[in-house]
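Below: the structure, in structure tokens.
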Amino acid sequence: MKKVIAIVAAFVVVIGAVVGIGMSKKSAEKTSTVIKIGGVFDTSGDASAYGEAEQKGANFAVKRINAAGGIKVNGKTYTIEMVNKDSKSDNTEAASVTTSLISNNKVNAIVGPVTTAATQAAVPAATKGQTPMMSPTAGADSITVQKNGKVQPYIFRAQFKNSYLGTKMAQFADEQVKAKDVVIFQDNSSDYGTGITSAFKKAYKGHVVDTASYQAGDTDFQAMLTKIKNQKFDAIVINGYYTEAGAILKQARDMGINVPVIGPDGLGDPKLAEIAGNQNASNVYYAAHFSTQAPATDAATPFVTAYKKAYGEDPSQFTALAYDAVYMIKQAIEDEKSVDKAKITTGLAHIKNFDGVTGKMTMDAFHNPKKSIVMVGETDGKDTTATVVK
Amino acid sequence: MSSILQQLLNGVILGSVYALLALGYTMVYGIIKLINFAHGDVYMLGAYFGYFFINVLHLNFFIALVLAMAVSAGVGVVIEFVAYRPLRQSPRIAVLISALGVSFLLENGMSYFFGSDKRAFPQAIATVQYHFGQLQISNIQLLIIGTAVVLMLGLTLIVQKTKMGRAMRAVSADQEAAILMGINVNRTISFTFAIGSALAAAGGVLIGLYYNNIDPLMGMTPGIKAFVAAVLGGIGIIPGAALGGWLIGILETLTQAIGLSDYKDAVVYGILIVILLWKPTGILGKNGREKV
Numbered sequence: 001m002k003k004v005i006a007i008v009a010a011f012v013v014v015i016g017a018v019v020g021i022g023m024s025k026k027s028a029e030k031t032s033t034v035i036k037i038g039g040v041f042d043t044s045g046d047a048s049a050y051g052e053a054e055q056k057g058a059n060f061a062v063k064r065i066n067a068a069g070g071i072k073v074n075g076k077t078y079t080i081e082m083v084n085k086d087s088k089s090d091n092t093e094a095a096s097v098t099t100s101l102i103s104n105n106k107v108n109a110i111v112g113p114v115t116t117a118a119t120q121a122a123v124p125a126a127t128k129g130q131t132p133m134m135s136p137t138a139g140a141d142s143i144t145v146q147k148n149g150k151v152q153p154y155i156f157r158a159q160f161k162n163s164y165l166g167t168k169m170a171q172f173a174d175e176q177v178k179a180k181d182v183v184i185f186q187d188n189s190s191d192y193g194t195g196i197t198s199a200f201k202k203a204y205k206g207h208v209v210d211t212a213s214y215q216a217g218d219t220d221f222q223a224m225l226t227k228i229k230n231q232k233f234d235a236i237v238i239n240g241y242y243t244e245a246g247a248i249l250k251q252a253r254d255m256g257i258n259v260p261v262i263g264p265d266g267l268g269d270p271k272l273a274e275i276a277g278n279q280n281a282s283n284v285y286y287a288a289h290f291s292t293q294a295p296a297t298d299a300a301t302p303f304v305t306a307y308k309k310a311y312g313e314d315p316s317q318f319t320a321l322a323y324d325a326v327y328m329i330k331q332a333i334e335d336e337k338s339v340d341k342a343k344i345t346t347g348l349a350h351i352k353n354f355d356g357v358t359g360k361m362t363m364d365a366f367h368n369p370k371k372s373i374v375m376v377g378e379t380d381g382k383d384t385t386a387t388v389v390k
Numbered sequence: 001m002s003s004i005l006q007q008l009l010n011g012v013i014l015g016s017v018y019a020l021l022a023l024g025y026t027m028v029y030g031i032i033k034l035i036n037f038a039h040g041d042v043y044m045l046g047a048y049f050g051y052f053f054i055n056v057l058h059l060n061f062f063i064a065l066v067l068a069m070a071v072s073a074g075v076g077v078v079i080e081f082v083a084y085r086p087l088r089q090s091p092r093i094a095v096l097i098s099a100l101g102v103s104f105l106l107e108n109g110m111s112y113f114f115g116s117d118k119r120a121f122p123q124a125i126a127t128v129q130y131h132f133g134q135l136q137i138s139n140i141q142l143l144i145i146g147t148a149v150v151l152m153l154g155l156t157l158i159v160q161k162t163k164m165g166r167a168m169r170a171v172s173a174d175q176e177a178a179i180l181m182g183i184n185v186n187r188t189i190s191f192t193f194a195i196g197s198a199l200a201a202a203g204g205v206l207i208g209l210y211y212n213n214i215d216p217l218m219g220m221t222p223g224i225k226a227f228v229a230a231v232l233g234g235i236g237i238i239p240g241a242a243l244g245g246w247l248i249g250i251l252e253t254l255t256q257a258i259g260l261s262d263y264k265d266a267v268v269y270g271i272l273i274v275i276l277l278w279k280p281t282g283i284l285g286k287n288g289r290e291k292v
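Sequence lines, in order, name chains A and B.
Residue 1 is where the first sequence starts when you use the UniProt record's numbering, and the numbers rise one by one after that.
Residue 1 is where the second sequence starts when you use the UniProt record's numbering, and the numbers rise one by one after that.
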């Protein structure tokens with residue numbers, strides 16, 4: 001009998017404690033003026049270089065918002081608290097970290113993950129938790145679209161979707177390079193290459209002389225280049241990544257094909273010039289999200305100056321995109337005058353003419369920002385020019 | 001017309017490398033009936049050795065080429081000694097699996113120690129273009145064809161004229177009879193691996209110089225294509241490997257030239273299937289009956 005009483009007593013104490021803690025938490029939340037933003041960044045593993053750059057960008061944005069007095073909603077001032085978790089360059093980890101941020105840390109919004117694959121893995125967790133999630137750098141068109149073709153209600157991104165690059169590259173080819181005829185090389189082993197190509201073809205006003213496809217890992221482009229060599233074209237468009245693009249560039253220049261080469265952000269890597277050889281990496285233009293040399297909006301220059309002062313280095317495009325992601329969440333809160341997750345989601349979906357550091361952004365119906373891009377020009381393997389394509 | 005000739009030339013250059021690789025497959029198959037799946041990775045190792053000799057030790061390209069061939073020959077012998085010799089009396093499938101194991105070990109080992117990134121191969125020889133009428137060829141392309149032809153002639157000499165070559169042919173024809181004749185079979189097999197690996201390494205170094213990049217998985221696709229080339233020419237037959245290599249190189253190039261770049265490999269392998277259906281022993285293959 002004593003035992004039973006003891007057990008019952010223990011139960012009462014434990015339940016009381018739990019309820020008490022829960023209540024105290026609730027009452028704390030009521031008066032709290034903190035907005036929690038979760039960060040899902042790969043700070044270890046293969047993608048850690050991007051993850052760290054983005055975490056820095058998000059933290060820096062939070063620091064600046066708080067230093068400037070936080071976010072004012074209905075006369076109340078909120079400060080932001082960033083809760084960062086490492087998704088370890090692992091898709092499963094990205095999903096579980098997202099769940100943990102939503103259910104344990106009770107975040108109001110999430111910035112991240114870094115890569116397309118990790119974002120795709122985290123989509124169900126964010127959707128189930130009804131929490132808006134903005135990936136700074138997931139590029140694949142599909143991540144904001146459900147299988148049935150409808151928009152993913154809680155998923156957003158700060159960078160443009162991949163195929164949008166094709167549209168802007170076409171504009172660049174028309175207006176800046178003034179190319180009337182182009183030859184396209186595309187990596188057809190991924191949606192990235194083919195998606196950009198079809199968007200390019202749709203938007204390009206000139207004539208596409210020929211489209212040659214290759215697979216990731218191909219090294220020999222002699223046959224394709226010989227085939228196009230005697231045709232008339234003003235530029236080559238390479239829709240793929242830097243390894244194959246580097247090989248194409250080298251072999252084309254060796255053959256005496258010296259026309260401008262235009263490519264998406266997949267070409268933006270120092271390895272491009274290394275593989276092509278510096279002397280061959282001239283007259284090359286690749287798309288970038290952000291360049292310290294070409295401020296896309298008025299917000300860009302103060303950001304770069306402040307960031308340099310704080311960290312002693314130039315912000316990368318990953319840093320800038322994560323920074324914009326946090327500021328877009330702030331904008332959404334201010335527009336909707338609420339820190340409620342559902343309201344933030346609505347706010348993000350309706351972002352219009354937002355002056356980010358990576359460009360003026362307007363969210364389209366599928367949660368992809370429409371914005372300007374930067375075309376970086378290389379001479380002798382070095383980035384020498386940067387042109388904003390509005 | 002000139003464009004067709006140029007494409008044929010491109011095909012021959014590409015095919016020369018496949019041929020160098022295919023020779024190794026065919027020699028090893030000829031002598032111990034093993035498809036040495038690690039062969040493509042020896043080609044990769046050769047390229048890395050070349051990279052090391054040129055980039056770190058700053059040797060002349062040709063010295064680096066010869067040294068890379070020599071070191072890779074050693075690697076080939078070690079692979080045979082460690083992974084294949086203990087299994088010589090086992091069923092053939094066991095050796096085949098061992099070969100796949102070595103292949104993965106080399107690929108992943110290199111990725112682990114040196115990173116899976118592509119590396120730029122040092123441009124030890126500056127590219128110079130020559131023009132012959134409409135045809136265009138660079139000094140490096142000439143070097144590839146030249147080296148391949150010289151090495152193949154050398155191999156023919158070794159196999160036909162030297163004592164070791166005679167031993168190789170004897171072991172290939174009948175291993176037990178060769179033992180009875182007093183031939184050191186182990187040494188002959190080691191020698192075969194050494195030669196095959198050296199040829200693969202030469203291919204690797206040349207390709208590194210030509211395409212200017214190397215990575216730990218660079219041997220996979222050429223390895224498979226060279227294997228197919230060896231089968232196409234008639235596996236076990238040395239001139240067949242050279243013929244098969246060139247044929248595949250030309251086929252691959254021409255498929256792209258007529259605008260089928262989307263289906264490049266599909267077309268090449270499709271043609272192969274047709275050829276093998278019609279002549280299963282390969283183009284130069286003899287319809288020899290197997291003794292039971």
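For each residue, glycine too, the CB sits at the ideal point set by N, CA and C.
Cβ neighbours of residue i in the same chain (closer than 8 Å, five flanking residues each side left out)
i                      : result
B/LEU224               : In the sequence as displayed, the identity of residue 224 of chain B is Ile instead of Leu. The answer, listed in chain order, is GLY40.
B/THR127               : SER138, ASN139 and ILE140
B/LEU276               : VAL231, LEU232 and GLY282
residue 392 of chain A : The structure shown has nothing for residue 392 of chain A, since chain A only spans 1 to 390.
Residue i - partner residues in DSSP beta bridges
i        : result
A/LYS232 : Note: A/LYS232 sits in no beta bridge, so no partner.
A/GLU274 : In DSSP, A/GLU274 forms no bridge with anything.
B/LEU135 : B/PHE132
A/THR387 : A/MET375
A/ALA288 : A/VAL374
A/TYR214 : A/ASP187
A/PRO369 : A/MET363
A/HIS207 : A/ASP181
A/GLU81  : A/LYS36
A/GLY139 : Note: A/GLY139 sits in no beta bridge, so no partner.
Spatial neighbours of residue i in its chain, beta-carbon cut-off 6 Å, leaving aside the 5 residues before and after
i        : result
A/LYS25  : The predicted position of A/LYS25 is uncertain, since its pLDDT is 48 and thus under 50; no value can be drawn from it.
A/SER189 : GLN215 and ALA216
B/GLY24  : HIS39, GLY196, LEU199 and ALA200
B/ILE183 : ALA167 and ALA170
A/GLY70  : THR77, TYR78 and THR79
A/ASP42  : SER48, GLY51, SER87, SER89 and VAL114
Nearest-angstrom beta carbon gap, residue j and residue i [assumed within contact, 8 Å]
i        : j        : result
B/MET218 : B/PHE191 : So it is not a contact: roughly 26 Å between Cβ atoms.
A/THR116 : A/ALA138 : 5 Å
A/PHE318 : A/TYR50  : 5 Å
A/ALA122 : A/MET133 : 7 Å
A/THR362 : A/ILE344 : Actually they are not in contact, since the Cβ atoms of A/THR362 and A/ILE344 sit about 18 Å apart, beyond 8 Å.
Proximal residues to residue i (C-beta, below 7 Å), its chain only, five neighbours per side dropped
i                      : result
A/GLU29                : Note that A/GLU29 has pLDDT 45, beneath the 50 cutoff, so the model's placement of it is unreliable and the number below is only indicative. Excluding sequence neighbours, A/GLU29 sits near nothing in its chain.
A/GLN300               : A quick correction: the sequence has Ala, not Gln, at residue 300 of chain A. So the list reads VAL357, once near-sequence residues are dropped.
A/PHE233               : ASP181, VAL182, VAL183, VAL209 and VAL259
B/LEU65                : GLY50, ALA202 and VAL205
residue 345 of chain B : One cannot answer for residue 345 of chain B here, as it falls past the ends of chain B, which runs 1 to 292.
B/THR147               : ALA202 and LEU206
(Q) With three or more C-beta pairs closer than 8 Å as the rule, is the stretch 42-51 of chain B touching the stretch 243-260 of chain B? (A) no
Q: Spell out a yes or no on whether the stretch 209-219 of chain A and the stretch 234-246 of chain A are touching, meaning 3 or more CB-CB pairs, one atom from each, closer than 8 Å.
A: yes
Q | the stretch 176-185 of chain A / the stretch 146-153 of chain A touching (three or more Cβ pairs under 8 Å) | A | no
Q. Name the residues in the stretch 3-31 of chain B whose C-beta lies less than 8 Å from a C-beta of chain A; which are they?
A. SER3, GLN6, GLN7, ASN10, GLY11, ILE13 and LEU14
Q.
Closer than 7 Å between beta carbons: that is the criterion. Which residues of the stretch 259-281 of chain B meet it against chain A?
A. SER261 and ASP262
Q: State whether the stretch 347-359 of chain A contacts the stretch 259-273 of chain A, with contact taken as three or more CB pairs (one from each stretch) at a distance under 8 Å.
A: no
Q | Contact between the stretch 76-85 of chain B and the stretch 157-174 of chain B (3+ Cβ pairs under 8 Å) | A | no
Q. Any residues in the stretch 130-161 of chain B with a beta carbon nearer than 8 Å to a beta carbon of chain A? Which ones, in chain order?
A. GLN136 and SER138
Q) So, do the stretch 254-261 of chain B and the stretch 221-228 of chain A have three or more beta carbon pairs nearer to each other than 8 Å? A) yes
Q.
Does the structure place the stretch 56-75 of chain B close enough to the stretch 193-212 of chain B that three or more beta carbon pairs sit under 8 Å?
A. yes
(Q) Beta carbons nearer than 9 Å to chain A: which residues of the stretch 207-221 of chain B have them? (A) ILE207, TYR210, TYR211, ASN212, ASN213, ASP215, LEU217, MET218, MET220 and THR221
Q | Residues, ordered as in the chain, of the stretch 97-124 of chain B that lie near chain A by beta-carbon distance below 7 Å | A | LYS118, ALA120 and GLN123
Q: For the stretch 181-212 of chain A, enumerate the residues whose C-beta is nearer than 7 Å to any C-beta of chain B, in chain order.
A: ASN188 and ALA212
Q: With 8 Å as the C-beta to C-beta threshold (strictly closer), list the residues of the stretch 252-276 of chain A near chain B in chain order.
A: ASP254, MET255, GLY256, LYS271, GLU274, ILE275 and ALA276
(Q) Taking contact to mean 3 or more Cβ pairs, one atom from each stretch, closer than 8 Å, check whether the stretch 287-301 of chain A and the stretch 373-388 of chain A are in contact. (A) yes
(Q) If the cut-off is 7 Å on Cβ atoms, which residues from the stretch 211-243 of chain A count as contacting chain B, listed in chain order? (A) ALA212, SER213, TYR214, GLY217, THR219, ASP220, GLN222, ALA223, MET224, THR226, LYS227, ASN230 and THR243
Q: Could you run through the stretch 237-255 of chain B and flag, in chain order, every residue whose CB is less than 7 Å away from some CB of chain A?
A: THR253
Q) Going along the chain, which residues of the stretch 136-149 of chain A sit with their C-beta nearer than 8 Å to a C-beta in chain B? A) none
Q. Quick one, which residues of the stretch 43-63 of chain B are near chain A if we go by CB-CB under 7 Å, in chain order?
A. none
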